[in-house]
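Residue numbers (the numbering used here), protein chains in the order written: chain C, 101 to 407; chain H, 53 to 384.
So this is what it looks like as structure tokens:
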């Protein structure tokens with residue numbers, strides 16, 4: 101975890117971090133354009149504070165609702181500050197919805213998907229960025245095109261296939277379809293295009309390194325910062341995935357999101373306990389965000405620019 | 053793509069093989085053949101996992117969906133199927149609920165995408181100023197992205213409750229507060245749009261921000277030398293430069309709205325959720341598919357719905373392409 105300094109994140113973030121230093125010797129404030137150099141005025145900050153509050157208030161209110169009993173939550177006026185029942189609600193949620201199993205399951209699913217995505221996407225991204233082979237352009241286009249296919253189009257046969265090979269209701273059924281994604285391949289390719297000089301590869305070849313050796317000792321070290329970002333983005337997505345897991349898994353063996361959906365779909369859901377479950381499912385990711393927010397922001401921005 | 057690549061491919065000189073020309077073919081050992089094979093096969097080996105996984109769990113099921121759509125397959129007996137031809141398609145096309153779902157998907161798609169992208173554009177513009185703690189603001193507006201669709205939907209379901217909901221309580225100070233959000237034709241769609249907007253505005257903002265920072269500063273300089281105001285610069289420099297990005301986010305958001313599932317499922321929860329409200333007022337295509345396949349157990353019509361979604365997506369792609377060409381022509 102020592103590679104988190106701003107210089108090691110993806111290139112576009114660096115460009116963003118130093119907007120004022122690009123070829124701007126003189127001219128001063130007056131001549132500058134509407135772009136990046138102008139300082140934000142009070143209005144900018146007020147607007148950002150409003151939007152920022154809007155972004156976190158629903159999460160704050162999750163905490164509030166999770167810390168009262170149901171009567172209080174549904175009463176008018178609704179509670180606005182946290183109450184005293186947080187711990188007992190968390191315990192009830194934990195017991196009612198198999199949340200213990202669900203958390204473990206989600207950890208397994210998200211870790212497997214993240215590890216596989218990192219491995220396969222780095223390999224493929226490297227091949228598309230720096231290796232020459234027949235059909236490279238067309239195959240890359242095919243990879244991008246798969247991004248436009250929503251999962252809805254294949255869930256029916258997927259469900260049948262999974263039950264056919266004995267994975268019905270098992271974690272395998274949500275892990276395997278998501279092992280490697282087009283976004284990750286594209287993301288790693290974009291990063292390696294700029295970050296990995298051909299000289300390094302050539303030098304390794306002159307030294308007699310095989311291709312897999314080059315991947316191991318040249319590509320992986322260079323790719324590591326981008327892999328970290330991709331890893332976090334993948335983990336967040338895998339943790340939060342809802343549609344296919346909800347169809348594929350059942351109440352006895354759910355992921356955390358599936359458990360949450362089922363908790364609320366029961367006949368008389370206790371809203372404060374549902375909220376406690378929502379809190380449990382969200383806290384780990386919020387923690388990741390607080391610690392690695394900068395890298396995640398940089399990752400999304402660098403994945404976006406060059407299409 | 054890859055026009056500047058200076059000879060990445062073959063091994064320049066395998067050890068011991070550099071003088072091969074003078075030594076003739078005899079020096080071509082199995083070893084150098086191995087090198088060649090390594091160079092030839094490695095790239096394909098590296099990209100193979102993606103295509104294998106996509107083939108097995110993406111492409112094959114996609115085609116298989118077409119087969120199922122022409123058969124009767126029941127959830128209770130997955131291994132039995134019976135040819136029924138176009139019957140499944142006829143069934144859903146004659147079902148008014150299907151058309152309600154199509155309309156709802158489009159309406160919710162529009163009223164969640166348009167405001168979301170406009171707000172994101174404005175926010176990106178603000179974040180593009182030189183700010184104190186700029187990373188903090190960017191992370192802050194991205195927090196909804198870390199929230200799962202389940203959590204977000206459940207919280208907003210409470211906020212939008214008719215009795216004692218947070219929103220109605222706030223509205224009662226300004227004389228409102230009696231809105232039955234979940235049961236209204238429009239209010240339920242608005243509620244779902246609010247969830248979508250809340251979760252995705254920050255993400256789109258960052259994408260726009262990245263694109264804005266890639267706009268060369270001399271464009272702005274030239275504009276301001278010509279006496280353009282900041283609003284004019286935003287409209288004449290920023291927006292045109294962002295056109296490809298804006299189109300990209302429109303495509304992504306449109307595909308995303310075709311997939312809306314968790315939000316409508318959990319807005320009222322329970323059985324109401326799985327049919328999209330008592331009057332199907334917020335039933336989306338994904339909900340309709342889920343209800344047909346997983347609640348009623350008829351997988352044939354569910355597969356037909358999936359293919360209908362594919363057709364709709366292709367239509368949208370076509371429209372996007374036409375609009376894109378039009379925009380491109382106008383810009384040139």
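For each residue, glycine too, the CB sits at the ideal point set by N, CA and C. A quick note: this is a predicted structure, and the numbers were derived from the prediction, not measured.
Within chain C, the C-beta atoms nearer than 9 Å to that of residue 341 of chain H come from 252, 255, 256, in chain order. Chain order gives the chain H residues near residue 140 of chain C as 178, 181, 182, 183, where near means a beta carbon separation below 7 Å. Neighbours of residue 226 of chain C in chain H, taken as residues whose beta carbon is under 7 Å from its own, are 98 in chain order. C-alpha of residue 366 of chain C to C-alpha of residue 100 of chain H: approximately 43 Å in a straight line. Counting every other CB atom within 10 Å of its CB across the protein chains shown gives residue 224 of chain H a total below 16, marking it as exposed.
Note on residue 215 of chain H: under 16 other CB atoms within 10 angstroms of its CB, so exposed under the neighbour-count rule. Within a 10 Å sphere around the beta-carbon of residue 235 of chain C sit fewer than 16 other beta-carbons, which makes this residue exposed. The C-beta of residue 311 of chain H comes closer than 8 Å to at least one C-beta of chain C. In the assembly as shown, residue 387 of chain C is an exposed residue. Its beta-carbon has fewer than 16 other beta-carbons within 10 Å.
Interface criterion met: the Cβ of residue 311 of chain C is under 8 Å from a Cβ in chain H. With a minimum length of 3 residues, there is no unbroken run of beta strand (DSSP E) contained wholly in the region 75 to 122 of chain H.
Going by DSSP, residue 250 of chain H is part of no beta strand (DSSP E) but of the alpha helix (DSSP H) stretching over 237 to 265.
Within the DSSP secondary-structure output, residue 124 of chain H pairs in a beta bridge with H:134.
The shortest C-alpha to C-alpha distance from residue 152 of chain C to any of H:254, H:113, H:200 is the one to H:254. For residue 323 of chain H, the enclosing alpha helix (DSSP H) covers residues 322 to 326. Taken through DSSP and simplified to helix, strand or coil, residue 129 of chain H comes out as strand. Residue-level contact by beta carbon fails for residue 232 of chain H and chain C, as no gap is shorter than 8 Å. Put simply, the region 261 to 277 of chain C does not touch the region 327 to 337 of chain C. Fewer than three CB pairs are less than 8 Å apart.
For residue 144 of chain C, a Cβ of chain H is located within less than 8 Å of the residue's own Cβ.
Here residue 350 of chain H carries a strand assignment [DSSP, helix/strand/coil]. Assignment of residue 139 of chain C by DSSP, reduced to helix, strand and coil, places it in the strand class. At a cut-off of 8 Å between C-beta atoms, residue 202 of chain H counts as an interface residue with respect to chain C. The Cβ of residue 316 of chain H sits no closer than 8 Å to any Cβ of chain C.
Against chain H, the beta carbon of residue 177 of chain C has neighbours under 7 Å at 221, listed in chain order.
Here residue 347 of chain H is exposed: its Cβ has fewer than 16 other Cβ atoms, across all protein chains shown, within 10 Å. In this structure, residue 306 of chain H lies near residue 165 of chain H, with their beta-carbon atoms less than 8 Å apart. Assignment of beta-bridge partners to residue 305 of chain C by DSSP yields no partner.
The C-alpha of residue 178 of chain C lies about 43 Å from the C-alpha of residue 144 of chain H. For residue 373 of chain H, the closest Cβ of chain C is not nearer than 8 Å. Proximity of the region 309 to 319 of chain C to the region 332 to 339 of chain C falls short of the contact definition, fewer than three beta-carbon pairs being nearer than 8 Å. Under the three-state reduction of DSSP output, residue 182 of chain H falls in the strand class. Listed in chain order, the positions of the region 319 to 344 of chain C with a beta carbon within less than 8 Å of a beta carbon of chain H are 336, 339, 340, 342, 343. Residue contact with chain C for residue 130 of chain H: present (Cβ-Cβ distance below 8 Å to some residue of chain C). One Cα belongs to residue 228 of chain H, the other to residue 142 of chain H, and the distance between them is close to 45 Å. The CB of residue 216 of chain H comes closer than 9 Å to the CB of 173, 174, 175, 176, 177, 178 in chain C, given here in chain order. In the three-state reduction of the DSSP assignment, residue 139 of chain H falls in the helix class, which pools H, G and I.
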